[in-house]
Each structure stands twice: as C-alpha cells, then as structure tokens.
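Before any comments, here is the structure.
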Amino acid sequence: MSVLIKNGNIITATDNYVADIFIEGETISSIGKNLSVHADTIIDATNKLIIPGGIDPHVHLSMPFMGTYSSDDYESGTRAALYGGTTTIIDFVLQKQGNSLQAALDEWKSRSDNNCVGDYSFHIAVTDFNDDTKKEIKHFIEEEGITSFKTFMAYKGALMIDDRQMIGLMEEVKKHGGLINVHATNGDMIDYLIAKHKSEGKLSPLYHYLSQPEITEAEASERFIDMASYTGCPGYIVHLTCEGALNAVRNATRRNQNVFVETCIQYLILDASLYEKNFEGAKWVMSPPLREKKDQQTLWAGINQGLVQVVATDHCPFMWEQKLLGKDDFSKIPNGHPAIENRMELLFSEGVIKNKITLNKYVEVTSTNAAKIFGMFPKKGTIAVGSDADIVLIDAAEKHVISASTHHMNADYSGYEGWDVTGKIKTVLLRGKVVIDDNKCLAGKGYGKFVKRNKVSQMI
Ligand code: URP
Ligand code: ZN
Ligand code: ZN
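Following my numbering from start to finish, the sequence shown increments by one per residue and tops out at 523.
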C-alpha cells in the first residue's frame, strides 16, 4: 500500500516547508515538491499543518494503583491517544516488592499484548532493588528493548525506594547504557503531612495539595540530580511542576550536568485554585498536585530555555465512582486524571496559538525529544525518509470544545470540560495506515506494535 500526502505544511523540530510526502508500506520513502508517483491513496493536505505523530512517554493504562485500576485499558487508551494525535505511548510496568522485574513484565504483557491500537513501549519501575533485581537490568536493556527504569521517591511501602537503592540502581543502569526516570518528591515528608492533616480532621481534596508543598518536590529533585551527578547516570525527571524543582535543574546545568525534564500539560494550564471546589477538586487529585500561576510561567519559560524537553500527560484516568473512594479522606482518592487525548490539541491551542511556543518547539516537546531521549529516533519523532510514517494533519484554525460527552477516553468526566480549543487534529497515520480520519478510528486492537528501544543518548 502507498499513500501520497500532497501540499501540506510540514513542521519538524527544525524545519517548516511545503512539500508532498510519499509513503510505501510503513515508512516514508520520499519527500519533495510536486512528487510524480502513483499512490493507492492520495490525501490533500492543502492548508493543513503536518507534524510527526505525538509521543507520550508517561501514561498508565490498566494500572493497579491505590486499591483499584486506572480505567483506560490498552485498547481504549491507545485509541484515545490516536484521536488526540499521539501515535506512540510509553507505559509503566511496576515491579511488586519481593518479586522480579520479569514477573512484572509478564503480568503487564498479559494485559497489553495484542490489545493496543497505537504503538507502545514500556519503562520498568524498579520498586525493590536488590542483588536479584540487579542481575536483570542488562537483560532488559539488551534483549527486551526496555532501556528506561522508573523510580519513585514517594509512595512508601508500595513503590518508593530509598537513596541506597537509588545509587545502586543508577550504577547498574549507567553500566549498561540505560536511563533512570524519577517521580521526585520527598515521600517521608509527604506522609508526615498527610498524617498531620488527617489527625486534625482536614480531609478534603485541598489537603492533598497542602500535603505536597513545592519544597517536597524541589528537595527530592535536587537530591536525585546530585545522585545522578555522582554516579554519572542519565536522569529524567517526570511530571516536574514547579519553580523550586526547575531551579534545581538549572543549577545542575551550571556544572554541565544533563538532566532531562518532563512536565505535563495540566501543570502548564491548570492551577491549584481548583482544589477549592470541595469534593469536585478530586478531579485534579494527582501527584504532584497542580501548582501556582507563577509555576506555570516558570514551566513555559523552561520549555523555551531548553530546560524542559518533554510535555507529557501522566494519563492515569479513573471513573468518578473510583474517585469517590476518597470521599471522606483525600489520601484515598486515586491519584491521576485523563488527558492522553487532549495533550496535543491543548498544547497547540494554549502554546502555539497563544504565541507561548513556536511550532518547531511544539514538535520538539510533543514528539522529537521523547523519541531521542528514549531511544526511538529517527524511527519515531520526525518526518524524514526512512522514518515510520507516523503523521498528524492539523487544521490550525478549527475551533472545538472539550467534553467528556465526546472524548474517547474511558473516563466519565473531563478535567478540561468546556475548554475552548483552537486547532483540530483531522487525520492521523500510524506506520502508513490512516488510523484516524474525520473523527473516526479506522484501526482495531492489535494494530499497535511494541517498540523496542535503543540505549539512550546523553545529549539531545
Ligand atoms: O497522580 C498520579 N501522578 N498518578 C499516577 C502515578 C504517578 O505518580 O505518576
Ligand atoms: Zn508520579
Ligand atoms: Zn505517572
């Protein structure tokens, strides 16, 4: 099968030009002006922007968490991602403390194999680093194509590792060419504040926010960066939200240390005033919590300064009924919100249309940088001859409104209900197949392929 996309305005992380794209099979075979080729399918992209398929490296599908499971499975989650222009996701396998990494991967494969509509990969969360786990690292990097290892500095008793384990893991991961991702918040301090608020009868969602002040994130980020500097292991801070944490990264650049940073769409456009809405605030109970307006400004600036390389979602949806588990106690509200479908359009509307970031920067932070950091470039993350034909067509002028009644995520509310968006994703191709066209999904479960990733590079 071949596809010719004619006359689109192609945007990559570095270029902006009008040309045709010819796709044979799953990859791009030529790009040029007025290509004279026979194609099975012709798509007219006049007046459309053409960007590389989005990559969201931080999502949780069918994840066992806080006594329940996130409500999107691999089929509904990857399908919703495609509707929103994200063609590849990276999900998290969680080791159970006391068990092996392999046992966790097997469990996650039993849920994901043959069920994804879009392409996917895994990070593996090391929650119990010991002599046995240490022996598994090389195999994951060299045989499984899983080159990034997630760590939690919070969620004690379930996911958190201590600094001794962190250092040991960093040394092993560095030795084999991998990277450590981190949820960088001070778990002990947060647990203390949660217990304190509960003992004072302060139980509403607002106290979720007040139990995780900025300092808990700034302190842990700095500690993580120092450990990464000491061991020389490449590090990637997930869902960074605030000025204090970004300043720790800024300081690291002064000693020429390269730490990658991800923020998420919600931290750029939502703020902590939403926690004042009594229990409705549970819609935005996530960790870290939403922050202040001054933090949003720092994050937008951080993107333009090159300190923040990726805008992800931390998509971890729950039905309202699940959120109600914490009706009388904020610490029991499952943490997370649905966003996998909204990221690309919201960032386009709030970032590009409102002149906060350029189109090239938009492509960098939604696709190219994640592909480079996580060892998928140039197969993914760009529009170039030889790359997978993962391509998104956007009508930059079309307006629409976000609503749970029209989204495709398995969540019965939206954290962005009624949000006016400018810019609509019209057509999406994944490996040469049109998977989304005019608000219809044309691919079924099983179309999505597991992406084996390369060792990471320390520079992007
Ligand atoms: O609230 C969140 N972020 N839920 C998912 C788990 C995590 O910490 O990323
Ligand atoms: Zn996290
Ligand atoms: Zn997460």
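From the three backbone atoms N, C-alpha and C, an ideal C-beta is built for every residue, glycine too.
- Take the alpha-carbon of Leu333 and the one of Glu413: they are about 11 Å apart.
- Boundaries of the alpha helix (DSSP H) around Thr294: Glu277 to Thr294.
- At least one heavy atom of ligand 1 sits closer than 8 Å to the Cβ of Gly399.
- The DSSP-derived three-state label of His123 is coil.
- Annotation for Leu269: Tyr338 place their beta carbon closer than 6 Å to its own, counting only its chain and skipping 5 residues before and after.
- For His260, the uninterrupted alpha helix (DSSP H) segment begins and ends at Gly250 to Ser262.
- Rounded to the nearest angstrom, the Cβ distance from Ser350 to Thr248 is 7 Å, consistent with a contact under 8 Å.
- In the three-state reduction of the DSSP assignment, Gly298 falls in the strand class, which pools E and B.
- It is roughly 57 Å from the alpha-carbon of Asn341 to the alpha-carbon of Lys96.
- For Gly181 and Ser93, the gap between their C-alpha atoms comes out near 24 Å.
- DSSP places Ala447 outside both helix and strand once states are collapsed to three, so it counts as coil.
- No alpha helix (DSSP H) of 4 residues or more sits fully in the stretch 465-511.
- Using a 10 angstroms sphere on the CB of Thr326, the tally of other CB atoms reaches 16 or more, which defines it as buried.
- Not one heavy atom of ligand 3 falls within 8 Å of the beta-carbon of Val189.
- Placement of the Cβ of Val301 at a distance of less than 8 Å from at least one heavy atom of ligand 3 is found.
- Within the chosen limit of 8 Å, ligand 2 reaches the beta carbon of Asp377 through at least one heavy atom.
- With a cut-off of 8 Å, the C-beta of His246 is classified as near ligand 2, since at least one heavy atom of the ligand falls inside that distance.
- Excluding the 5 residues flanking it on each side, Gly486 has same chain C-beta neighbours closer than 8 Å at Glu408, Phe411, Ser412, Val415, Ile416, Ile457, Asp458, Ala459, Ala460 and Glu461, in chain order.
- Residues Ile465 of the same chain have their beta carbon placed closer than 6 Å to that of Trp482, with the five preceding and five following residues left out of the count.
- Not one heavy atom of ligand 2 lies closer than 8 Å to the C-beta of Ser430.
- Relative to ligand 2, the nearest heavy atom lies less than 8 Å away from the CB of Phe215.
- When only Cα atoms are considered, Ala258 and Lys390 end up about 17 Å apart.
- In this structure Ala452 does not touch Lys443 by the C-beta definition: roughly 11 Å separates them, more than the 8 Å allowed.
- When Met233, Arg174 and Asp107 are compared, the shortest CA-CA separation from Tyr132 is found for Arg174.
- Distance from the CA atom of His186 to the CA atom of Asp154, rounded to whole angstroms, is 6 Å.
- The DSSP-derived three-state label of Gly240 is coil.
- By the criterion of a C-beta distance shorter than 6 Å, Tyr272 is surrounded in its chain by Ala335, Tyr338 and Pro352, once the five residues flanking it on both sides are discounted.
- Taking 9 Å as the cut-off, the beta carbon of Asn72 is found no closer than this to the beta carbon of Val66.
- By the beta-carbon neighbour count (other beta carbons within 10 angstroms, threshold 16), Glu384 is exposed.
- In the three-state reduction of the DSSP assignment, Met229 falls in the helix class, which pools H, G and I.
- If you ignore the 5 residues before and after Glu277, its C-beta comes within less than 6 Å of the C-beta of Cys305 and Gly307, all in its own chain and listed in chain order.
- Under the DSSP definition of a beta bridge, Leu157 partners with Ala188.
- When Asp195, His202 and Thr190 are compared, the shortest CA-CA separation from Ala217 is found for Thr190.
- Per DSSP, reduced to three states, the secondary structure at Ile106 is strand.
- Annotation: the continuous beta strand (DSSP E) that includes Ser92 extends over Thr90 to Gly95.
- Of the candidates Asp194, Ile91 and Val236, Ile91 places its Cα closest to the Cα of Pro115.
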